[in-house]
Amino acid sequence: MKKFLIFFGVVGSLSSSFLYTSEFINEAKTNIDYIKKLRIINNLESDEKIEYNNFIVPKTTVNGEETVMYYGRVLKYFFANSVEISNEVLENLKNQFSKKSESISALSIQNLLASTINLSIYGSSSDAEFFAESFAKWLDTPDELKNKSWEITNNFFTNILPELLKTGAILKDQDTNAEKTIVNLVSNNISTIKYNINLEVKDSNPVDLKYQTTDLIFSQSYWKGSSNYNGALNYIAKQTNNQSVLETFEIIKTWINDNYTRASEASIQKFNDFNKNNFKNFDELDKELVKYSIDNEGVSRLPFKKVYDNLEENYLISIPSYFNDSEKWTTTDTKNLKQLTLFLYNILSSLIENEIWVRNLLTGFIISPDYPLIGASNGTMGYTSTAGYTNRATGKYASTTYSYIVLTGVSLTIKEFNSNYKMGFWSSPIKYNVLIHEYGHAIDAFGSRLNENRNTNYSNDISYKEMYSGNIFGDYKQTSTSNSYSVKTWVIIVLGVIGSSILIIGISYTVNIIRSKKKKV
22 MKKFLIFFGV
32 VGSLSSSFLY
42 TSEFINEAKT
52 NIDYIKKLRI
62 INNLESDEKI
72 EYNNFIVPKT
82 TVNGEETVMY
92 YGRVLKYFFA
102 NSVEISNEVL
112 ENLKNQFSKK
122 SESISALSIQ
132 NLLASTINLS
142 IYGSSSDAEF
152 FAESFAKWLD
162 TPDELKNKSW
172 EITNNFFTNI
182 LPELLKTGAI
192 LKDQDTNAEK
202 TIVNLVSNNI
212 STIKYNINLE
222 VKDSNPVDLK
232 YQTTDLIFSQ
242 SYWKGSSNYN
252 GALNYIAKQT
262 NNQSVLETFE
272 IIKTWINDNY
282 TRASEASIQK
292 FNDFNKNNFK
302 NFDELDKELV
312 KYSIDNEGVS
322 RLPFKKVYDN
332 LEENYLISIP
342 SYFNDSEKWT
352 TTDTKNLKQL
362 TLFLYNILSS
372 LIENEIWVRN
382 LLTGFIISPD
392 YPLIGASNGT
402 MGYTSTAGYT
412 NRATGKYAST
422 TYSYIVLTGV
432 SLTIKEFNSN
442 YKMGFWSSPI
452 KYNVLIHEYG
462 HAIDAFGSRL
472 NENRNTNYSN
482 DISYKEMYSG
492 NIFGDYKQTS
502 TSNSYSVKTW
512 VIIVLGVIGS
522 SILIIGISYT
532 VNIIRSKKKK
542 V
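Throughout, the numbering used here is defined as the position within the sequence shown, counted from one, plus 21.
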């Protein structure tokens, strides 16, 4: 079996690797670097009659790259079955797409519906980013902002995802029958709570989502973008290979109205009850993760407390001010970050329901004081990388094996309700959104890890130091307290498309197969 490596983040100098890149980008760069190249991975298996609410399986290419990291496609399928939409609206869309095949039309409608329920321009760029953004919205959204979209998302993450996670699988594998499992799970868990596409005006007691503009203006900028950035329609059109999507605004402009309907108290209680609070405090969690994440050099690869405390030690002295949305670090920020990590792992325990698997979900966690990160372009906030292997006989991906996350500390200084959330780029307004988003990628990767590969921490495969070649918070000391930078207005975006060679707003992503197991990456 051959190994492959998937990077959700920065492209480094590797010559043979499977790389996935998501970057935070300067606003001025968007007009120059908007999608230069995108190999569509949403080609369908056939042109047989497919409806918008079917599970639309992507076509398998030579390496079968579409068979891993597919939870975003599953979530879109669930959302498409969780809406009220009139036949008139459907016919209007089908007429708009009349020059396209039925399968492309169905895929386009499904993506439009999905990006209505999960408002995130960057989530509209790919299935993988859609899942990560939806995970962040589900986990991060404050109670006062929880709306009907969140309630529907909560149904997926509490009812369907735990069942999916019980069996690691790739698509099109006869041994795991992943597609059959997906269809059965979704069909058996459709709630009576539906998102109303037909709603012409928002609720009389609406949720204040704290977007920066009025409803209709926000809808237009979200879908169509502006002179400074591209809207969700641009990315859906690229994703579905259907430029007619760009002409749908007059049909869909009021679709966002049900986002202003409040989530039910019962759904919020359901979310609270879902968290079993397996870990009682952060120190208990940290002690366990440190103990079980030792590499072959005797170094813990998940030293959260050590990393956070050292970050605090340095950032209380000074932080680099790269963005208008950055704010000074306080001891309260460190406490909140530790509490969020505790909450995250308690949720992971409830989702996965296997103590060993929870420990092995992530093989390494790094925060670096470097900005930009080594090997990354200016603007990259972090990445998730995932290793795996291919079947020698078929040459297709067989399973993922381990994942690790690398963040720049700057990513944790971006304030709540930042400009990116207010413009509809991100689904969640919280301060540490990038951390939760990257864990969404790790969960997506874990779903493609066969059960037999989930009981090991791969301590002999990669050491902590091999994960990142630059400075790492833990034992870091500033050499200078002079971190004065001119602050410009930034629009921060994390985008990417799995399995593709792309440059989305300055983002690149390549696919290759790496060398034998003995080689170090």
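All C-beta atoms, glycine included, are put in the ideal place defined by N, C-alpha and C. Keep in mind the model is a prediction, meaning the values are calculated, not measured.
Completely contained alpha helix (DSSP H) runs for the region 157 to 242, where each covers 4 or more residues: 169 to 176, 182 to 186, 199 to 208
Pairwise C-alpha distance: isoleucine 368 and serine 170: As a working mapping, residue 170 is identified with position 149 in the sequence shown. As a working mapping, residue 368 is identified with position 347 in the sequence shown. Straight-line Cα distance between these residues: approximately 20 Å.
C-beta atoms of threonine 282 and aspartate 224 nearer than 7 Å: Position 261 of the sequence shown, counting from 1, holds the residue named residue 282. Position 203 of the sequence shown, counting from 1, holds the residue named residue 224. Their beta carbons are under 7 Å apart, which means threonine 282 touches aspartate 224 by this criterion.
Rounded C-alpha distance that separates serine 314 from phenylalanine 467: Here the question's residue 314 lines up with position 293 in the sequence shown. Here the question's residue 467 lines up with position 446 in the sequence shown. For serine 314 and phenylalanine 467, the distance between alpha carbons rounds to 17 Å.
Closest Cα partner of glycine 93 within the set Phe100, Leu140, Phe151: One-based indexing of the sequence shown puts residue 93 at position 72. Checked all of Phe100, Leu140, Phe151; the closest Cα to glycine 93 is Phe151.
Burial state of glutamine 360 (16 or more Cβ within 10 Å): By 1-based counting over the sequence shown, the position of residue 360 is 339. Its Cβ having fewer than 16 others within 10 Å, glutamine 360 is exposed.
Residue from Tyr329, Leu383, Asn375 whose Cα sits closest to the Cα of asparagine 357: Sequence index remark: in the sequence shown, residue 357 carries index 336 (1-based). Selected option, being the one with the closest Cα: Tyr329.
Alanine 199 to lysine 193 span [Cα, whole Å]: On the sequence shown, residue 199 is found 178 positions in, with the first residue counted as 1. On the sequence shown, residue 193 is found 172 positions in, with the first residue counted as 1. Using only the alpha carbons, I get a separation of about 7 Å.
Leucine 543 (DSSP reduced to helix, strand or coil): Residue 543 cannot be examined here, being either before or after the span of the chain that is shown, 22 to 542.
DSSP state of alanine 544 mapped onto helix, strand, coil: Look at the range of the chain in this structure, 22 to 542, and you will see that residue 544 is not part of it.
Aspartate 307 vs phenylalanine 325 beta-carbon contact at 7 Å: Residue numbering aside, residue 307 sits at position 286 when the sequence shown is read from its first letter. Residue numbering aside, residue 325 sits at position 304 when the sequence shown is read from its first letter. Yes. Within cutoff.
Opening and closing residue of the beta strand (DSSP E) in which phenylalanine 364 lies: Here residue 364 refers to the residue found at position 343 of the sequence shown. From DSSP, phenylalanine 364 is part of no beta strand (DSSP E) but of the alpha helix (DSSP H) over 352 to 373.
Sequence-distant residues of the same chain with beta carbon closer than 7 Å to lysine 349, five excluded per side: In the sequence shown, the residue the question calls residue 349 occupies position 328. Counting only Cβ-Cβ distances below 7 Å, and skipping sequence neighbours, we find Ile340.
For valine 78, three-class secondary structure by DSSP: Counted from its first residue, the sequence shown places residue 78 at position 57. Residue state, collapsed to three classes: coil.
Threonine 88, DSSP secondary structure in three states: As a first step, residue 88 must be located in the sequence shown, where it is residue number 67. If DSSP states are grouped into helix, strand and coil, threonine 88 belongs with the helices.
The alpha helix (DSSP H) enclosing phenylalanine 386, as first and last residue numbers: Reading the sequence shown from its first residue, position 365 is the one you call residue 386. Run containing phenylalanine 386: none in the alpha helix (DSSP H); it sits in the beta strand (DSSP E), 385 to 389.
Valine 95 (DSSP reduced to helix, strand or coil): For the purposes of this step, residue 95 is identified with residue 74 of the sequence shown, where counting begins at 1. The answer is helix: DSSP assigns valine 95 an H, G or I state.
For serine 124 and asparagine 219, the rounded distance between their alpha carbons: Looking up residue 219 in the sequence shown gives position 198. Looking up residue 124 in the sequence shown gives position 103. So the two alpha carbons sit approximately 23 Å from each other.
Environment of leucine 166 [buried if 16+ CB atoms lie within 10 Å]: Translated into the one-based positions of the sequence shown, residue 166 becomes position 145. Leucine 166 is buried by the Cβ-count criterion.
Distance, alanine 414 Cα to isoleucine 513 Cα: As a first step, residue 513 is located in the sequence shown; it is residue number 492 there, counting from the start. As a first step, residue 414 is located in the sequence shown; it is residue number 393 there, counting from the start. For isoleucine 513, the predicted model reports a pLDDT of 30, less than 50, meaning its position is unreliable and no value from the coordinates is stated.
Proximal residues to lysine 443 (C-beta, below 7 Å), its chain only, five neighbours per side dropped: Against the sequence shown, residue 443 aligns to sequence position 422. Around lysine 443: Lys231, Tyr232, Gln233.
Residue span of the alpha helix (DSSP H) that contains serine 124, given as start and end: Counting from 1 along the sequence shown, the entry for residue 124 is found at position 103. Looking at the DSSP string, the run of the alpha helix (DSSP H) that includes serine 124 is 123 to 138.
Best match in Lys187, Met90, Asn102 for proximity to isoleucine 377 [C-alpha to C-alpha]: Position 356 of the sequence shown, counted from the start, is the residue given in the question as residue 377. Measuring from the Cα of isoleucine 377, the nearest candidate turns out to be Lys187.
Residues of its chain near asparagine 476, where Cβ-Cβ distance is below 6 Å and the 5 sequence neighbours each way are ignored: The residue you call residue 476 lines up with position 455 of the sequence shown. For asparagine 476, where only same-chain residues beyond five positions count, the Cβ hits under 6 Å are Ile377.
Which listed residue (Tyr343, Ser212, Leu133, Ala258) has its alpha carbon closest to that of serine 573: What is shown of the chain runs 22 to 542, which leaves residue 573 out entirely.
Integer Cβ distance of glutamate 87 from alanine 127, believed to fall under 8 Å: Sequence index remark: in the sequence shown, residue 87 carries index 66 (1-based). Sequence index remark: in the sequence shown, residue 127 carries index 106 (1-based). 17 Å between Cβ atoms; not a contact.
Where isoleucine 315 falls: helix, strand or coil (DSSP): Sequence index remark: in the sequence shown, residue 315 carries index 294 (1-based). Looking at isoleucine 315 - three-state DSSP - the assignment turns out to be strand.
Contact under 7 Å by Cβ, glutamine 131 with threonine 269: In the sequence shown, counting from the first residue as 1, residue 131 sits at position 110. In the sequence shown, counting from the first residue as 1, residue 269 sits at position 248. Contact: no.
Residue(s) in a DSSP beta bridge with arginine 283: The residue labelled residue 283 in the question sits at position 262 within the sequence shown. Asn168, per the DSSP bridge assignment.
Simplified DSSP state of valine 320, which is helix, strand or coil: By one-based count along the sequence shown, residue 320 stands at place 299. Coil at valine 320, not helix or strand.
Beta-carbon gap between tyrosine 485 and aspartate 316 smaller than 7 Å: The count along the sequence shown starts at 1 and reaches residue 485 at position 464. The count along the sequence shown starts at 1 and reaches residue 316 at position 295. Yes, the Cβ-Cβ distance between tyrosine 485 and aspartate 316 is below 7 Å.
6 Å Cβ shell around phenylalanine 295 - same chain, five flanking residues per side excluded: Translated into the one-based positions of the sequence shown, residue 295 becomes position 274. So the list reads Thr179, Ser371, once near-sequence residues are dropped.
Three-way DSSP call (helix, strand, coil) for isoleucine 273 in this model: Your numbering for residue 273 matches position 252 in the sequence shown. DSSP places isoleucine 273 in helix when its eight states are reduced to three.
First through last residue of the alpha helix (DSSP H) which encompasses phenylalanine 325: What you label residue 325 is simply residue 304 of the sequence shown in a count that begins at 1. Residues 325 to 336.
Top-ranked residue by Cα proximity to tyrosine 98, from Val89, Val207, Leu383: For the purposes of this step, residue 98 is taken as residue 77 along the sequence shown, with counting starting at 1. Of Val89, Val207, Leu383, the residue nearest in Cα terms is Val207.
Isoleucine 387 vs isoleucine 493 beta-carbon contact at 7 Å: Residue mapping note: residue 387 aligns to position 366 of the sequence shown, counting from 1. Residue mapping note: residue 493 aligns to position 472 of the sequence shown, counting from 1. Yes. Within cutoff.
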